[in-house]
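Below: the structure, in structure tokens.
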Amino acid sequence: MSLSRRFALTGATSGVGLRLAEIAVEQGHRVVGLVRDPNKAEAKKLAVLGVELVRGDLDDTAALATLTRGADAVLHMAAHVGDWGPMEQFVRVNVGGTLRVLAATHDSGVRRFVHLSSTAVYGRPDRGRVDETWPTKHAGVPYDDTKVDSERTAFAFGRERGLEVAAVRPPIIYGPYDRNFMPRAAAALKKKRFLLIDGGHAPLNVVWVDHVVDVVLRAATHPDAPGHAFNVMDEVDERPPSVVDVATTIADAIGAPRPSRSLPYSVALPLGHLALGAFRAARADGPPPLTPFVVKVLTRDVVYDASKAVRILGWRPRMRALEGIRREAEAFARSAR
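Each number in the working numbering corresponds to the 1-based position in the sequence shown with 283 added.
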């Protein structure tokens with residue numbers, strides 16, 4: 284990856300987008316980023332890095348044309364993320380937005396398109412070691428289902444239009460600029476509200492954002508990447524850490540009490556359904572802390588296999604999960620002081 288390239292980046296102000304821009308610039312690449320508001324702190328940080336900013340969003344075809352013009356590859360990191368909200372919003376951004384970026388990529392004559400997908404595309408299986416040969420399927424969750432549809436759209440577009448498409452499928456992402464996993468886990472631990480289910484012994488599939496960036500950049504440049512999807516994990520040769528091990532590591536790093544409360548799955552799942560129904564009936568702005576989705580994520584005996592990225596892209600993870608979690612939790616605690 285020593286040859287300098289020009290990358291067009293959507294989702295530039297997201298956690299993954301910011302870290303991707305930083306690392307790409309460090310490697311000598313030029314980055315053009317799509318931003319809704321150039322005056323936001325994240326956009327200003329991109330400008331300081333030397334990223335060329337294009338004002339617009341995924342609905343703005345003129346901005347997408349400007350963004351993609353002259354690029355060597357388009358890195359599509361933008362998505363509407365979460366387990367709450369109307370299906371229409373997820374479809375508009377995750378499916379419609381992806382299609383508009385694909386069209387702009389093709390019309391600008393760019394050859395390579397890398398789509399940030401998710402392990403959610405596997406439909407949340409209950410158990411097993413899941414590699415990229417597993418079929419993608421809907422799970423009845425707006426985010427999951429639209430990630431399935433957006434990835435299928437990308438690969439179908441590539442086959443029909445001769446565009447080189449690759450997808451990267453991370454699980455839970457942590458690291459610099461994380462606005463979801465670490466802040467929520469730390470807050471729950473500090474308030475003694477972190478609830479284990481069945482003792483928290485299920486594996487928690489997590490990935491350091493720098494590992495995601497590594498695989499995205501390799502997918503953008505490696506000659507054998509097109510046509511493939513790649514899982515990315517901190518652990519390739521070993522089982523991921525358990526939920527309780529991750530929670531304990533975070534608690535120790537931030538000086539919070541270790542998690543001690545646990546519910547059996549048979550109790551937690553119906554409680555999740557009750558809480559979800561109550562919040563929906565009240566038209567709450569966000570989801571309850573316990574939902575059926577959360578219960579299943581925290582109890583599934585599933586491991587995502589990332590050996591394909593090693594085999595095809597020559598990638599290897601640089602840090603194991605608990606070490607990465609500890610380092611990022613300590614950094615989070617310092618920033619919160």
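No residue lacks a Cβ here, since even glycine has one placed at the ideal position from N, Cα and C.
Sub-8 Å separation of residue i and residue j beta-carbons
| i | j | result |
| --- | --- | --- |
| A354 | A449 | no |
| E325 | T296 | yes |
| L358 | A437 | no |
| V585 | G411 | yes |
| S400 | A512 | yes |
| P523 | A534 | no |
| V308 | L292 | no |
| V393 | T349 | no |
| A536 | E606 | no |
| W598 | A604 | no |
Extent of the continuous alpha helix (DSSP H) run through residue i
| i | result |
| --- | --- |
| Y426 | 425–444 |
| G483 | Where G483 is concerned, there is no enclosing alpha helix (DSSP H), given that its DSSP letter is neither H nor E. |
| R501 | 492–504 |
| R289 | Counting along the chain, R289 falls outside any alpha helix (DSSP H), though it belongs to the beta strand (DSSP E) covering 289–293. |
| F464 | 464–473 |
| V451 | Run containing V451: none in the alpha helix (DSSP H); it sits in the beta strand (DSSP E), 447–452. |
| G333 | No alpha helix (DSSP H) contains G333, which DSSP labels as neither H nor E. |
Between the CA atoms of residue j and residue i - distance to the nearest angstrom
| i | j | result |
| --- | --- | --- |
| G300 | D493 | 11 Å |
| R452 | T402 | 5 Å |
| M284 | Q310 | Bear in mind that the predicted position of M284 carries a pLDDT of just 48, short of 50, making it too unreliable to give a figure here. |
| P321 | L546 | 46 Å |
| A469 | M516 | 22 Å |
| V318 | Y460 | 16 Å |
| Y587 | H421 | 17 Å |
| A387 | A502 | 19 Å |
| F440 | D414 | 23 Å |
| L472 | E371 | 34 Å |
| E665 | L557 | As shown, the chain starts at 284 and ends at 620. That puts residue 665 outside it, with no answer to give. |
| K475 | P540 | 7 Å |
| F290 | M602 | 26 Å |
| N514 | S590 | 8 Å |
| P425 | R395 | 28 Å |
| E443 | H389 | 11 Å |
| G510 | T574 | 35 Å |
| H363 | V499 | 19 Å |
| D568 | G368 | 8 Å |
| P571 | L559 | 6 Å |
| G339 | A346 | 5 Å |
| L446 | R383 | 14 Å |
| S287 | H312 | 5 Å |
Residue i Cβ short of 7 Å to the ligand NAP heavy atom set
| i | result |
| --- | --- |
| G339 | Only the bare structure without any ligand can be found here, which leaves the ligand NAP out of the picture. |
Span of the beta strand (DSSP E) around residue i
| i | result |
| --- | --- |
| G316 | 313–318 |
| Y457 | 455–457 |
At least three beta-carbon pairs within less than 8 Å, the region 479–495 to the region 525–538 | yes
Quick one: complete beta strand (DSSP E) runs, 3+ long, within the region 552–604?
-> 584–587
Write down every uninterrupted run of the beta strand (DSSP E) in the region 377–413 whose length is 3 residues or greater and which is fully enclosed by it, in chain order.
-> 395–399, 410–413
Could you give the uninterrupted runs of the beta strand (DSSP E) lying entirely in the region 336–379, keeping only those of 3 residues or more?
-> If we require 3 residues or more, the beta strand (DSSP E) runs fully inside the region 336–379 come out as 356–359.
Where are the alpha helix (DSSP H) runs, 4 residues long or more, that stay fully inside the region 497–551, in chain order?
-> 526–537
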